[in-house]
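Residue numbers (my numbering): 197 to 466.
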């Protein structure tokens, strides 16, 4: 119940009730940021174990309101309304970007705690977000589209790189600059070159999972098999390893796989 959140503000995170958190990401100081989706807020767990709201408003701060979702422009992040945020992408220094899904916006919170809207996309924004360290390039997903954005585009939507996904999950970028996109509906992970040119995604880009909406998770019995021959049910999280390969978290399968640079997969968490 987001209305009772303030009873947990600044207290141990293990005593806090969350409302369907959708992502977790860490800065270089060891602080973990959570997109607390149904509470319409971003929380931060500090290294002392306490939890704090760093973006969004709680219901108790809006007397008489029945929801704390909405949009009220840019300003101090703790006074700005969010609507179903699904991802907080954290930069090493602790500034972060918010996939403000219900508001169809991508927003940035700087080190002073000020929130600015960077992208407004009428098609929508969904889960997947990647930001280059200098902030000059953003990749994001709209559900079925993968797009890129640069500051020269202003607040306009990004340009389509690829389309035709069933339902995008998360994205990451490998050392060669390719974009890895997980597809929850197709139960697959796809590798898209940055210059793909706005074309439909196809099976030649699939690097993990069966790419089939009726996939059933194969589990550890498939350890060592090619990742493209393993059932990874509801592929959602994807993260590249700095030394090569990538991890895949499955939404329905409940597994985390590691896919090595040779394309073979092994269970990392089951």
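Where a beta carbon is used, it is the ideal one built from N, C-alpha and C, also for glycine.
The beta carbon of residue 300 is closer than 8 Å to those of 316, 317, 318, 319, 320, 321 in its chain, skipping five residues each way along the sequence. With respect to the 8 Å criterion, residue 364 and residue 323 are classified as neighbours on the basis of their beta carbons. Scanning its chain for C-beta atoms nearer than 6 Å, with the 5 sequence neighbours on each side dropped, one finds around residue 465 the residues 452, in chain order. For the region 269–353, the continuous beta strand (DSSP E) assignments of 3+ residues that do not extend past its boundaries occur at 283–286, 292–296, 301–305, 310–316, 325–327, 334–337, 341–345, in sequence order.
DSSP places residue 234 within a helical segment (H, G or I) once states are collapsed to three. Per DSSP, reduced to three states, the secondary structure at residue 212 is coil, with no helix or strand assignment.
Across the structure, residue 406 and residue 366 are spaced so that their CA atoms are roughly 17 Å apart.
Distance between residue 228 and residue 270, taken at the CA atoms: about 24 Å. Taken through DSSP and simplified to helix, strand or coil, residue 437 comes out as coil.
Check the Cα spacing between residue 237 and each of 210, 219, 205, 278: the tightest is with 278. Looking from the CA of residue 276, the closest CA among 267, 388, 330 belongs to 267.
Under the 8 Å Cβ criterion, the region 307–314 does not count as touching the region 412–420, having fewer than three qualifying pairs.
Beyond the five residues adjoining it in sequence on each side, residue 378 comes within less than 6 Å, by CB distance, of 365, 366, 385, 431, 432, 434 in the same chain, given in chain order. Put simply, the backbone Cα of residue 327 is about 20 Å away from that of residue 280.
A straight-line Cα-Cα distance of about 9 Å links residue 287 and residue 330. Around the CB of residue 224, fewer than 16 other CB atoms lie within 10 Å, so the residue is classed as exposed.
Between residue 375 and residue 230, the alpha-carbon positions lie close to 23 Å from each other. Boundaries of the beta strand (DSSP E) around residue 355: 355–359.
Setting aside the 5 residues that flank it on each side, residue 411 is surrounded in the same chain by 383, 427, 429, each with a C-beta closer than 6 Å to its C-beta; the list follows chain order.
Given a length threshold of 4 residues, the region 379–439 has no whole run of the alpha helix (DSSP H) inside it. Residue 458: not part of any beta strand (DSSP E); DSSP gives it neither H nor E. With at least 16 other beta carbons inside 10 angstroms of its own, residue 249 counts as buried. A residue is called buried when at least 16 other Cβ atoms come within 10 angstroms of its Cβ; residue 210 does not meet this threshold and is exposed. Secondary structure of residue 203 (DSSP, three-state): helix. CA-CA distance, residue 398 to residue 207, rounds to 48 Å. Under the three-state reduction of DSSP, residue 365 is assigned to strand. The three-state secondary structure of residue 267, taken from DSSP, is coil.
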